[in-house]
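Working notes for the structure below.
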Amino acid sequence: MMTTDPVLDSPDIRARLDPSGMRERIAGLADQCRRAWEQSRAFPWPPLRPHVERVAVLGMGGSAIGGDLLADLASHEGAVPVTVVRDYSLPPEVDSHTLAIASSYSGETEETLAATEEAVHRGAQVVAVTSGGTLAKRCQEMGLPWFRVDYSGEPRCALGYSFVVPLALMCLRSIMADKAKDMEEALSLLERQSAQYRHDVPIGQNPAKSLARELHGKPIVIYGGGLLSGAARRWKTQFNENAKAWAFYELLPEAHHNSVVGYSHPLSIGPEVIALLLRPATVHPRLALRYEITGELLDRACVAHHVVEAQGRSALAQVLSTVFLGDYASYYLALLYGVDPSPVAAVDYLKGRLSKREGAR
Numbered sequence: 587m588m589t590t591d592p593v594l595d596s597p598d599i600r601a602r603l604d605p606s607g608m609r610e611r612i613a614g615l616a617d618q619c620r621r622a623w624e625q626s627r628a629f630p631w632p633p634l635r636p637h638v639e640r641v642a643v644l645g646m647g648g649s650a651i652g653g654d655l656l657a658d659l660a661s662h663e664g665a666v667p668v669t670v671v672r673d674y675s676l677p678p679e680v681d682s683h684t685l686a687i688a689s690s691y692s693g694e695t696e697e698t699l700a701a702t703e704e705a706v707h708r709g710a711q712v713v714a715v716t717s718g719g720t721l722a723k724r725c726q727e728m729g730l731p732w733f734r735v736d737y738s739g740e741p742r743c744a745l746g747y748s749f750v751v752p753l754a755l756m757c758l759r760s761i762m763a764d765k766a767k768d769m770e771e772a773l774s775l776l777e778r779q780s781a782q783y784r785h786d787v788p789i790g791q792n793p794a795k796s797l798a799r800e801l802h803g804k805p806i807v808i809y810g811g812g813l814l815s816g817a818a819r820r821w822k823t824q825f826n827e828n829a830k831a832w833a834f835y836e837l838l839p840e841a842h843h844n845s846v847v848g849y850s851h852p853l854s855i856g857p858e859v860i861a862l863l864l865r866p867a868t869v870h871p872r873l874a875l876r877y878e879i880t881g882e883l884l885d886r887a888c889v890a891h892h893v894v895e896a897q898g899r900s901a902l903a904q905v906l907s908t909v910f911l912g913d914y915a916s917y918y919l920a921l922l923y924g925v926d927p928s929p930v931a932a933v934d935y936l937k938g939r940l941s942k943r944e945g946a947r
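Take any residue in the sequence shown, note its place counting from 1, add 586, and you have its number in this note's numbering.
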């Protein structure tokens, strides 16, 4: 293993490619989670209606990923189901027994705004997590509680708020078990990880840098199951947005009913792809076996693969620590590709085109 890397260990390259400081925003996850936890526990949330049967998180992109992580935690402990709605319209089951959490960092996400209006119309109990914008304005007009996100950065970097604030609300209102001790463990683990992954730790001692070097130049497929299903999606989107790289995710055990059959053709793809298997420390015995079999199938298809073992005792610590490694790896992969990790030009182009089409109506 190389002890230093000409790109990843170069302060000059890092300064040139990251002028807006994405590195600092990634490194600050523990502090952001701590602030979000403390602020949300002090927030005057209203009492929940009796008999909350489900939670729906309404959001898109970086503002929705917190809902995926929340859904995994809720499922893991057997709490009420959490559904993430990434659409203009709501699924039929959203009704007066639903807690709807509208999550939009900017407050201007058109899909979330439309879904929020529909949730109110259906009689769901609605709260919002946003920095302001139209969503905050509509909440004020309709008398809905909204938590102000006190953070400046990209929506995907505000995960501490989009995940921890709804989590704190659900714990405070006894929809989920209290997570105070688990949060302490998770934040302590993130701080230890940060000391390992930070920019001035050379590649020979830096797991995030060495993983990025392993991924460089190849399309990436991330497998996740159980507690780390949402984390797999987070890794995929961080590689997309930060590294501007091809990345996809698959969920276990579902992938064993379809995707594994597709390893055969075209034959030339296998050696060009790398797969990552995000494995929880706490996993159903049959799912553990499926992780093992997935590795065997990838070997047969000549696909390089790397198992990422979750760290931590609690489910919360495992989720956050796995997300943190992926965030850092995506940052270092961006440096290897010679790109600024912050801007998302393709998304900006798409929004511009949609805006022009709207204006032409």
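We put the CB at the ideal spot given by N, CA and C, even for glycine.
- In its chain, beyond the 5 residues on either side, Val712 have a beta carbon closer than 6 Å to the beta carbon of Leu730.
- His802 carries a coil assignment under DSSP once its states are collapsed to helix, strand and coil.
- Contact annotation: the stretch 626–644 does not touch the stretch 805–816, with fewer than three C-beta pairs closer than 8 Å.
- In terms of CA proximity to Tyr747, Ile651 leads the group Gln726, Val889, Pro636 and Ile651.
- Listed as beta-bridge partners of Phe733 by DSSP are Val715.
- Boundaries of the beta strand (DSSP E) around Thr669: Val668 to Val671.
- Each of Ala660, Lys765 and Leu745 was checked against the Cα of Ala613, and the nearest Cα belongs to Leu745.
- Of Tyr849, Ala686 and Gly898, the smallest CA-CA separation from Arg886 is found for Tyr849.
- Boundaries of the beta strand (DSSP E) harbouring Thr684: Thr684 to Ser690, taken from the DSSP string.
- By the neighbour-count criterion, in which a residue is buried when 16 or more other Cβ atoms sit within 10 angstroms of its Cβ, Thr590 is exposed.
- About 4 Å separates the beta carbons of Met762 and Met756, which is inside the 8 Å limit, making them a contact pair.
- For the set Ser682, Tyr691, Glu694 and Leu721, the Cα lying nearest the Cα of His707 is the one of Ser682.
- The shortest C-alpha to C-alpha distance from Thr868 to any of Tyr835, Glu836, Thr880 and Ala903 is the one to Ala903.
- Restricting attention to Leu884, Ser796 and Arg872, the CA atom closest to the CA of Tyr917 is found in Ser796.
- Note that the C-beta distance between Met608 and Ser928 is below 8 Å.
- The residues Gly652, Leu655 and Leu656, in chain order, have a CB closer than 7 Å to that of Phe749 in the same chain once the five nearest residues on each side in sequence are set aside.
- The continuous beta strand (DSSP E) containing Ile860 extends over residues Ile860 to Arg865.
- DSSP places Glu697 in the uninterrupted alpha helix (DSSP H) bounded by Glu696 to His707.
- Counting along the chain, Glu895 sits inside the beta strand (DSSP E) bounded by residues Ala890 to Glu895.
- Contact check between the stretch 615–627 and the stretch 689–696: fewer than three CB pairs, one atom from each, fall below 8 Å, which does not count as touching.
- Under the criterion of beta carbons closer than 8 Å, Leu911 and Leu776 do not qualify as touching, at roughly 10 Å.
- Asp926 is not a Cβ neighbour of Asp673, given a cutoff of 8 Å.
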